[in-house]
Amino acid sequence: MRGRFITLEGIDGAGKSTHHAWLADYLRALGKEVVCTREPGGTALGEKLRALLLSEPMHRETEVLLMFAARREHIDQVIEPALQRGAWVVSDRFTDASFAYQCGGRGVPTSKLDALEAWVLDGLAPDLTFLFDIAPEVARQRLAGTGVAPDRFEQEKAEFFGRVRAAYLQRVSAFPWRFAVIDAAAPIDSIKNLLEKTIAKFGI
964 MRGRFITLEG
974 IDGAGKSTHH
984 AWLADYLRAL
994 GKEVVCTREP
1004 GGTALGEKLR
1014 ALLLSEPMHR
1024 ETEVLLMFAA
1034 RREHIDQVIE
1044 PALQRGAWVV
1054 SDRFTDASFA
1064 YQCGGRGVPT
1074 SKLDALEAWV
1084 LDGLAPDLTF
1094 LFDIAPEVAR
1104 QRLAGTGVAP
1114 DRFEQEKAEF
1124 FGRVRAAYLQ
1134 RVSAFPWRFA
1144 VIDAAAPIDS
1154 IKNLLEKTIA
1164 KFGI
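According to the numbering used here, the sequence shown is numbered sequentially starting from 964.
Okay, structure coming up:
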């Protein structure tokens, strides 16, 4: 039986990474084989491209193309093989992030990403996507409190993240059957409880 594909999305500082490992452990406790991964990255080549994307200035369309190049390798080497053998894939970001950051944030026309998505994904889509939604100003406060130097995306202004958040919510409206919106400002235990209930609701 083919496995399931779960993605976690949200603006930087929303806290999705905090719940990534927890969700994988929860699914393993249910007896599932789980593959944890992330985007950009997930493969040896993808991690090299990630380093470039997070540090080097580049044209916005170069950014898009590198994201999808990393994604093609990710699908071929990690996601599809895992799903085919019945494993569950839990990914920190996937294509929704490109529509949010590169279309919403950078202003790349959606039509260009639609074409890349059709070509690169070839029909692949998450079974369930958790969107960790939070006000950009709260997310920025969280990032500032980590003491970690911000990457190229985290250095963007609040207006950028406002556009990214709006683009994410547009994706929710377009694909309501696979999205579950999480109030990322809620207490961690409340979020975990909601994740559990959503997994059960989706019949996973």
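Beta carbons: idealized from backbone N, C-alpha and C, even for Gly. None of the values given here were measured: they were computed from a predicted structure.
Exercise. Which word fits Ala1147, buried or exposed, when buried means at least 16 other C-beta atoms lie within 10 angstroms of its C-beta?
Worked result: Here residue 1147 refers to the residue found at position 184 when the sequence shown is read from its first residue. Ala1147 comes out buried.
For this session: Report the option in Gly976, Cys999 and Val1041 whose CA atom is closest to the CA atom of Ala1102.
Result: Reading the sequence shown from its first residue, position 139 is the one you call residue 1102. The option with the nearest alpha carbon to Ala1102 is Gly976.
For this session: Ignore the nearest five residues each way along the sequence and tell me which others in Cys999's own chain have a CB closer than 6 Å to its CB.
Result: The residue you call residue 999 lines up with position 36 of the sequence shown. Here the set comprises Ala987 and Val1053.
Exercise. Nearest to Phe927 by CA position, among Gly1004, Gly973 and Thr1058, is which residue?
Worked result: The structure shown does not extend to residue 927, since the chain spans only 964 to 1167, so no value can be given for it.
Problem set entry | Outcome for Gly1004 when other beta-carbon atoms lying within 10 angstroms are tallied against a minimum of 16 | Along the sequence shown, read from residue 1 onward, the residue named residue 1004 stands at position 41. Classification for Gly1004: buried.
Exercise. Does the stretch 1129-1149 come close enough to the stretch 1030-1044 to have 3 or more Cβ pairs within less than 8 Å?
Worked result: no
Problem set entry | Terminal residues of the beta strand (DSSP E) in which Leu1094 lies | Within the sequence shown, residue 1094 is the residue found at index 131, counting from 1. From DSSP, the beta strand (DSSP E) with Leu1094 extends over Leu1091 to Asp1096.
For this session: Note the first and the last residue of the continuous alpha helix (DSSP H) segment covering Glu1080.
Result: Counted from its first residue, the sequence shown places residue 1080 at position 117. From DSSP, the alpha helix (DSSP H) with Glu1080 extends over Thr1073 to Leu1084.
Exercise. If you draw a straight line from the alpha carbon of Trp985 to that of Val997, how long is it in whole angstroms?
Worked result: To locate residue 985, count along the sequence shown from 1; it is residue 22. To locate residue 997, count along the sequence shown from 1; it is residue 34. Approximately 12 Å, taken between the alpha carbons.
Exercise. For the beta strand (DSSP E) that contains Asp1055, what are its first and last residues?
Worked result: By one-based count along the sequence shown, residue 1055 stands at place 92. First-last of the beta strand (DSSP E) with Asp1055: Trp1051 to Asp1055.
Exercise. Using 8 Å as the Cβ pair cut-off and three pairs as the minimum, do the stretch 1109-1129 and the stretch 1032-1049 touch?
Worked result: no
Problem set entry | Nearest-angstrom Cα separation, counted from Ala1078 out to His946 | Because the chain in this structure spans residues 964 to 1167, residue 946 falls outside the shown range and cannot be described.
Exercise. When the Cα atoms are used, what is the spatial distance from Ala992 to Glu1159?
Worked result: In the sequence shown, the residue the question calls residue 992 occupies position 29. In the sequence shown, the residue the question calls residue 1159 occupies position 196. If I take the Cα positions, the gap works out to 12 Å.
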